[in-house]
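Residue numbers (the working numbering): 1325 to 1856.
For glycine and all other residues, C-beta sits at the position ideal for the given N, C-alpha and C.
Notes follow once the structure below has been shown.
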């Protein structure tokens, strides 16, 4: 191997988990750490303005992925935004901070072969990461790197929360407390009116460490092995092919799409699939790329009587006014994450934990694929099934690293997922038809009055449902035949390599996934340091 440089740890992927690992492992000045990120630095101004996420669900900060035709969703190819920038999803997401329920992590530990990952095991890592400016106590950390704060909700968000209460949902001031169910305003990963991504939180304070090297624009081509031990990484940067040694471990943090792709290109995965692409088999590991899970979100859109949502700021004079307000006072529309309010509720009321999550957006046409309002004043309500039963896959299109993988979430393949999605749409409409909200609504723009029956709601979900940007599970942790990593995140059957990101989740948790991914990075850092 003609690698001129060597490090103790080489981290592939500068997303949420990769940023955490780079920070924690380099706390020891005797340890040399290299972080490789395929995208660029997080210097786009949209990243740091809370409202900017609406501008980043497509474009240069993503990989430009679309799904394989979804056979249970009218064979649609659905845009599939995945970040390509330092900070990963935490740099382009809607900054919603939720963690899931205790039962999610207890299920991992007790039913899915992940010893050491129960709620009691992982809660200290949530607390260690969290720097909450409002909440404290048993469920919240106040001194962690990740800034978490309350927003001052826009008036329409408050209307939404009141409408949920009129429907019968209790007000919940803390979705990350002892009880998840109810409605309220989300806490956000915003600090001092700026996005607090994993790059801002974990890399910003330590980028001057002499033992930490951060390289961007690095497209990893493969992990290098001697026998069954990972010994380095090959990557392209500025047109040159480079190799680097990993003298302790290679740490894969490319996310639920990038990590299985990198493993497969490196010869780790189902042997027959690798041979079909002419890739030499390093290790036959059938689970790589399998078990893909994601939240299938369905939106409804309403036209408003007056310019009461953020849509009015699409007009130039209002846009200038909002920019000045933010520049001078760090308040106003630019300080909003758009997705301020939400709810956790039940399609099946016999369940202990909610099986639906709702996100209220102060605007229409905010995200790719969601209709705008011709009059320019609307709002959106999104819902999704929290713990879907459907399973998909990530596979290679070819042996070329430049080619996009085939991403098949297999959305709503299970009839229960479709049924719950339809119920989410029905409940969404009920929320919007409560007296508190009706005062502001001109008409239902989407789906419209012709959608009335269970069959109508199911057909609507098939035609308009989309990703909620929460893919997990493609290199799952566990002990069964499809497990890729063990509970210490070591790749089964290999040495010197771990996977430490959302791809190791054995099953999808009932909330947004950024905070749990950061938790995985925190826990992984202790597993790695303990091993060392």
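Is residue i helix, strand or coil when you go by DSSP?
| i | result |
| --- | --- |
| residue 1325 | Note that residue 1325 has pLDDT 47, beneath the 50 cutoff, so the model's placement of it is unreliable and the number below is only indicative. Residue 1325 falls in the coil class under three-state DSSP. |
| residue 1474 | strand |
| residue 1743 | helix |
| residue 1439 | coil |
| residue 1669 | strand |
| residue 1812 | coil |
| residue 1540 | strand |
| residue 1355 | coil |
| residue 1788 | helix |
| residue 1337 | coil |
| residue 1500 | coil |
| residue 1854 | helix |
| residue 1570 | strand |
| residue 1380 | coil |
| residue 1827 | helix |
| residue 1624 | strand |
| residue 1858 | The shown model of the chain, from 1325 to 1856, leaves out residue 1858, and the question about it has no answer. |
| residue 1806 | coil |
| residue 1608 | strand |
| residue 1737 | coil |
| residue 1726 | coil |
| residue 1782 | helix |
| residue 1662 | coil |
| residue 1846 | helix |
| residue 1342 | helix |
| residue 1754 | helix |
When burial is assigned at 16 or more other CB atoms within 10 Å of the CB, is residue i buried or exposed?
| i | result |
| --- | --- |
| residue 1644 | exposed |
| residue 1391 | buried |
| residue 1585 | buried |
| residue 1800 | buried |
| residue 1617 | buried |
| residue 1811 | buried |
| residue 1545 | buried |
| residue 1844 | buried |
| residue 1619 | buried |
| residue 1741 | buried |
| residue 1462 | exposed |
| residue 1503 | exposed |
| residue 1682 | buried |
| residue 1286 | Residue 1286 is absent from the model: the chain starts at 1325 and stops at 1856. |
| residue 1565 | exposed |
| residue 1857 | No statement about residue 1857 is possible, as the shown extent of the chain runs from 1325 to 1856 and does not include it. |
| residue 1932 | There is simply no residue 1932 to check, as the chain begins at 1325 and stops at 1856 in what is shown. |
| residue 1353 | exposed |
| residue 1570 | buried |
| residue 1456 | buried |
By the DSSP assignment, the beta strand (DSSP E) with residue i in it spans what residues?
| i | result |
| --- | --- |
| residue 1769 | 1765-1770 |
| residue 1691 | Here residue 1691 belongs to no beta strand (DSSP E), and DSSP marks it neither H nor E. |
| residue 1560 | 1553-1561 |
| residue 1401 | First-last for residue 1401: undefined, no H or E at that position. |
| residue 1615 | 1614-1616 |
| residue 1456 | 1454-1456 |
| residue 1732 | 1730-1732 |
How many whole angstroms separate the CB atoms of residue i and residue j, which I take to be in contact at a CB cut-off of 8 Å?
| i | j | result |
| --- | --- | --- |
| residue 1506 | residue 1493 | 5 Å |
| residue 1360 | residue 1557 | 7 Å |
| residue 1768 | residue 1559 | Going by Cβ atoms, the distance from residue 1768 to residue 1559 rounds to 50 Å, so no, they are not a contact pair. |
| residue 1884 | residue 1847 | Any answer about residue 1884 is impossible in this case: the structure gives the chain only from 1325 up to 1856. |
| residue 1389 | residue 1731 | 6 Å |
| residue 1686 | residue 1648 | Wrong, their Cβ atoms sit about 20 Å apart, outside the cutoff. |
| residue 1821 | residue 1554 | 4 Å |
| residue 1593 | residue 1613 | 6 Å |
| residue 1537 | residue 1364 | Rounded, the Cβ-Cβ distance is 16 Å, inconsistent with contact. |
Where does the unbroken alpha helix (DSSP H) through residue i begin, and where does it stop?
| i | result |
| --- | --- |
| residue 1481 | 1479-1491 |
| residue 1647 | 1640-1653 |
| residue 1370 | 1369-1372 |
| residue 1717 | Careful: residue 1717 lies outside any alpha helix (DSSP H), inside the beta strand (DSSP E) at 1716-1719. |
| residue 1509 | Here residue 1509 belongs to no alpha helix (DSSP H); instead the beta strand (DSSP E) covers 1506-1509. |
| residue 1413 | 1413-1416 |
| residue 1707 | Premise fails: residue 1707 lies in the beta strand (DSSP E), 1702-1709, not in any alpha helix (DSSP H). |
| residue 1582 | 1579-1589 |
| residue 1761 | 1759-1762 |
| residue 1599 | 1595-1600 |
**Item:** Segment contact flag, the segment 1590-1609 with the segment 1703-1714, C-beta cutoff 8 Å, min 3 pairs
**Value:** With contact defined as three or more Cβ pairs closer than 8 Å, the segment 1590-1609 and the segment 1703-1714 are not in contact.
**Asked** Counting pairs of Cβ atoms below 8 Å between the segment 1410-1418 and the segment 1367-1382, do you hit three or more?
**Response** Yes: at least three Cβ pairs fall under 8 Å.
**Asked** Between the segment 1783-1795 and the segment 1638-1654, do three or more beta carbon pairs fall short of 8 Å?
**Response** When C-beta atoms of the segment 1783-1795 are compared with those of the segment 1638-1654, fewer than three pairs fall below 8 Å, so the two segments do not count as touching.
**Prompt:** Should the segment 1480-1491 be called in touch with the segment 1658-1669, which here means at least 3 C-beta pairs below 8 Å?
**Reply:** With the cut-off at 8 Å, the segment 1480-1491 and the segment 1658-1669 touch.
**Prompt:** Using 8 Å as the Cβ pair cut-off and three pairs as the minimum, do the segment 1431-1438 and the segment 1546-1554 touch?
**Reply:** As far as the Cβ criterion goes, the segment 1431-1438 does not touch the segment 1546-1554, which means the pair count is below three.
**Prompt:** Hey, is the segment 1645-1656 in contact with the segment 1811-1823, meaning 3+ C-beta pairs nearer than 8 Å?
**Reply:** Too few Cβ pairs lie closer than 8 Å, so no.
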